[in-house]
Amino acid sequence: MAGPIAVTGGAGFIGSHVVERMLASGHHVRVLDNLSTGHRANLPAGLDGTFETGDCTNAAWVREALRGCAAVIHLAATPNVQKSLDDPPEILHNNIQATACVLEAARRLGIRRVVLASSAGLYAADEEPPHHEEMTPCPGNPYAVGRYADEALAGVYSRVFGVDTTCLRFFNVYGPRQDPSSPYSGVISVFCRRMLAGQPPVIFGDGLQSRDFIYVGDIAAACSAAALSATACGGKAVNVGTGRSTDLRQLVSVLNDILGTTTQAQFVPARQGEVRHSRADTRRASALLGFTASTPFHVGLKSTVSWMQTAV
Ligand SMILES: NC(=O)c1ccc[n+]([C@@H]2O[C@H](COP(=O)([O-])OP(=O)(O)OC[C@H]3O[C@@H](n4cnc5c(N)ncnc54)[C@H](O)[C@@H]3O)[C@@H](O)[C@H]2O)c1
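For what it's worth, numbering that gives the first Met the number 0 labels the leading residue of the sequence shown as 0, then goes sequentially.
Right, here's the structure in full:
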């Protein structure tokens with residue numbers, strides 16, 4: 000592919016795995032990040048590519064930073080649901096404005112392909128799984144509304160401006176480098192951290208709520224497949240999940256197996272509006288991108304626990 004692959008948000012949890020994967024498959028990368036939640040240290044020391052520090056909400060800066068790139072994997076966002084409930088304008092501005100700037104730069108620079116991070120949070124909380132892309136979105140919080148707007152904008156850039164876009168709806172991502180220090184981080188990193196410290200994981204409700212947990216290495220593979228695909232996706236949304244779900248009681252049990260512990264969860268009252276069950280219909284990802292998640296749950300969890308034992 001002529002020109003580097005740009006990864007916005009490349010210093011973040013998911014972005015750093017995407018960068019690693021692109022480098023391992025021989026591509027040059029260009030990372031764009033404002034280091035608001037990401038860290039330079041997440042990236043390989045001798046990064047074979049360039050690192051641009053700046054804000055993707057700045058249209059002129061994004062246009063310069065993306066010049067010469069062959070494709071963009073756009074992950075820069077504040078993926079914090081609670082923050083979006085506390086301060087909707089700030090999160091909506093950051094996430095939608097960044098997407099608008101990236102898409103517009105791609106149009107002006109003639110960049111053929113933009114892959115965007117979207118979210119399973121678009122599906123209605125009471126929708127029965129498996130969740131498939133043709134279900135009518137019903138975002139349950141301002142963060143998810145922003146992702147919905149991003150998808151709509153990506154559709155316009157594809158249909159009206161000829162920039163081929165793909166909106167990847169990530170389900171619950173976990174793995175090394177996910178920040179466990181925030182209580183709003185992914186449930187797996189929060190549970191791992193507490194159980195490693197000998198503390199009980201806190202479960203809201205009965206613990207039978209289930210999620211489609213997908214390992215971050217599989218997410219990187221899906222991003223790579225979408226960026227390099229010979230087939231145009233035409234602005235379509237594509238689920239990126241495993242097609243299987245695990246409830247929180249099972250999660251605690253698998254973590255106990257890996258850690259060799261017998262920690263019991265602490266149960267507290269359920270949170271209002273929480274999604275009960277989430278699981279991806281994965282047929283479109285397989286048909287359009289040739290992507291299927293391949294990391295078994297216990298393997299991904301083991302690697303997450305190992306990372307946490309050394310890094311946190
Ligand atoms: N983690 C998940 O389970 C999950 C699920 C669905 C979707 N997503 C999406 O995946 C993407 C990556 O999420 P993550 O979990 O790696 O989060 P993260 O916070 O680790 O990464 C986001 C990165 O974007 C950077 N960033 C934020 N705003 C920016 C801006 N205006 N300009 C430049 N850089 C900016 C941050 O510094 C960080 O490096 C996000 O778009 C998120 O919405 C994540």
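Glycine is no exception: its CB is placed at the ideal position from the N, C-alpha and C atoms.
- prompt: Could you give the uninterrupted runs of the alpha helix (DSSP H) lying entirely in the region 74-132, keeping only those of 4 residues or more?
  reply: 80-85 and 87-108
task: Give the range of the alpha helix (DSSP H) segment to which residue 137 is assigned.
output: Premise fails: residue 137 is in no alpha helix (DSSP H) and is neither H nor E.
First through last residue of the alpha helix (DSSP H) which encompasses residue 247: 247-258
N-terminal and C-terminal residue of the alpha helix (DSSP H) that residue 220 is part of: 215-227
message: Within 10 Å of its beta-carbon, does residue 282 have 16 or more other beta-carbons around it, so buried, or fewer, so exposed?
response: exposed
- prompt: Beta carbon of residue 217: closer than 7 Å to some heavy atom of ligand 3?
  reply: No copy of ligand 3 occurs in the structure displayed; its ligands are ligand 1 alone.
message: Can you find the residues in the same chain that come closer than 6 Å, C-beta to C-beta, to residue 76, ignoring five residues on each side of it along the sequence?
response: Cβ neighbours of residue 76 beyond the five flanking positions: 94.
- prompt: Quick one: what does DSSP say residue 66 is sitting in, helix, strand or coil?
  reply: coil
query: Shortest alpha-carbon distance to residue 308 belongs to which of 192, 101, 3 and 249?
result: The shortest C-alpha separation from residue 308 is found at 192.
- prompt: For the 8 Å Cβ check, are there 3 or more pairs between the region 292-305 and the region 143-160?
  reply: no
- prompt: Going by C-alpha distance, which of 144, 145, 150 and 107 is nearest residue 237?
  reply: Distances from the alpha-carbon of residue 237 to those of 144, 145, 150 and 107 put 150 closest.
- request: Give the DSSP bridge partners of residue 61, in chain order.
  value: DSSP lists no bridge partner for residue 61.
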